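Enquirer: The sequence shown begins at 198 in my numbering and counts up one residue at a time. We put the CB at the ideal spot given by N, CA and C, even for glycine. Since this is a predicted model, take the numbers as computed values, not measurements.
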Amino acid sequence: MLVAILNASATVMAQEKVYGGIGVGPSKTYIPSSALGITGATASELQRSENSTGTKIFAGYKANPNMAVEVGYVDLGKSRATRNMTAPGTGSIGIDSRNTGWFVDLVGMMPTGISDVSVIGKLGGIATETGKQLSTTGAVGLTPGSPSTFQERELNWKFGAGAQYDFSKTMAARGEWERYRRMGKDTGVGESEADLFSLNLLIRFH
198 MLVAILNASA TVMAQEKVYG GIGVGPSKTY IPSSALGITG ATASELQRSE NSTGTKIFAG
258 YKANPNMAVE VGYVDLGKSR ATRNMTAPGT GSIGIDSRNT GWFVDLVGMM PTGISDVSVI
318 GKLGGIATET GKQLSTTGAV GLTPGSPSTF QERELNWKFG AGAQYDFSKT MAARGEWERY
378 RRMGKDTGVG ESEADLFSLN LLIRFH
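Written out as structure tokens, the structure is:
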């Protein structure tokens, strides 16, 4: 009987360590000012649309009260940049981009002393996929043979911080900021970074 009780307790404790979550919030992709250079242009201006909405879904395992590992998928939304040439001719080149990826994070947690509230910090890696589509107008054109649509895949890293409130044994709310580093390759807009400010709902499995 005692062995059965201990086994059942161990099973419950193991199950309580596993959780899932979903998050959504504003995102911003930082496009460098040197993006979309036009060969031969003597006057041009870059317009940027960097704000979007990001979403993510993830699962975690809490190894101990202060440490967890999370894996998940994130969509950082869309961004657009357009460079308008005004001399010696007129025309433009634009690029639409979207960053997504699978990530693994190591998450540290520390109680604040306020009931059920803790602060978190995270560091992880992400396998990003950056989709890009180029378009041109007027006197601006693509180099012959250059693709107008392409995908860039690579490994990058990310970090973040936030706060979590456990409002029951099975549910918690987390607000956090994350920075995604050096996404995409030096093509078109070059490498970019992104911030995601998200509100997340966590559910612990029993």
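So the beta strand (DSSP E) asparagine 397 belongs to, where does it begin and stop?
Expert: Per DSSP, asparagine 397 belongs to the beta strand (DSSP E) from 389 to 401.
Enquirer: Check proline 262 in the structure and name its three-state DSSP category.
Expert: Of the three classes helix, strand and coil, the one that applies to proline 262 here is coil, per DSSP.
Enquirer: By the three-class DSSP mapping on this structure, what secondary structure does serine 241 have?
Expert: Residue state, collapsed to three classes: strand.
Enquirer: Does DSSP put glutamate 351 in a helix, in a strand, or in coil?
Expert: Glutamate 351: strand per DSSP, three-state reduction.
Enquirer: Determine, using beta carbons only, whether threonine 226 and glutamate 247 come nearer to each other than 8 Å.
Expert: Yes, Cβ-Cβ distance for threonine 226 and glutamate 247 is below 8 Å.
Enquirer: Taking 8 Å as the cut-off, decide whether the C-beta atoms of glutamate 267 and valine 221 are in contact.
Expert: Result no, Cβ atoms of glutamate 267 and valine 221 do not sit closer than 8 Å.
Enquirer: Can you say whether tyrosine 258 is buried or exposed, counting buried as having 16 or more other CB atoms within 10 angstroms of its CB?
Expert: Tyrosine 258 should be labelled exposed.
Enquirer: Using C-beta distances below 6 Å, list every residue in its chain close to glutamate 388, excluding the 5 sequence neighbours before and after it, in chain order.
Expert: Same-chain partners within the cutoff: Arg379, Gly381.
Enquirer: Closest to tyrosine 270 by CA distance: which of Ile323, Ser224, Tyr362 is it?
Expert: Here the closest residue by C-alpha is Ile323.
Enquirer: Determine the extent of the beta strand (DSSP E) in which proline 223 is found, giving its start and end residues.
Expert: Run containing proline 223: 215 to 227, per the beta strand (DSSP E) assignment.
Enquirer: By how many angstroms is the C-alpha of asparagine 263 removed from the C-alpha of leucine 199?
Expert: Confidence in leucine 199 is poor, its pLDDT being 36 and thus under 50, which makes the residue's placement too unreliable to answer from.
Enquirer: Look at the alpha carbon of alanine 265 and the alpha carbon of threonine 367, and state the distance between them as a whole number of angstroms.
Expert: Roughly 16 Å between the two C-alpha positions.
Enquirer: Run the CB neighbour count on glutamine 348, radius 10 Å, all protein chains shown included, and call it buried at 16 or more, exposed below.
Expert: Exposed, by the Cβ-count rule.
Enquirer: Pick helix, strand or coil for alanine 358, following the three-state DSSP scheme.
Expert: In the structure shown, alanine 358 sits in a strand (DSSP, three-state: E or B).
Enquirer: Taking the Cβ atom as the reference point for each residue, do tryptophan 374 and aspartate 392 lie within a distance shorter than 8 Å?
Expert: Result yes, Cβ atoms of tryptophan 374 and aspartate 392 sit closer than 8 Å.
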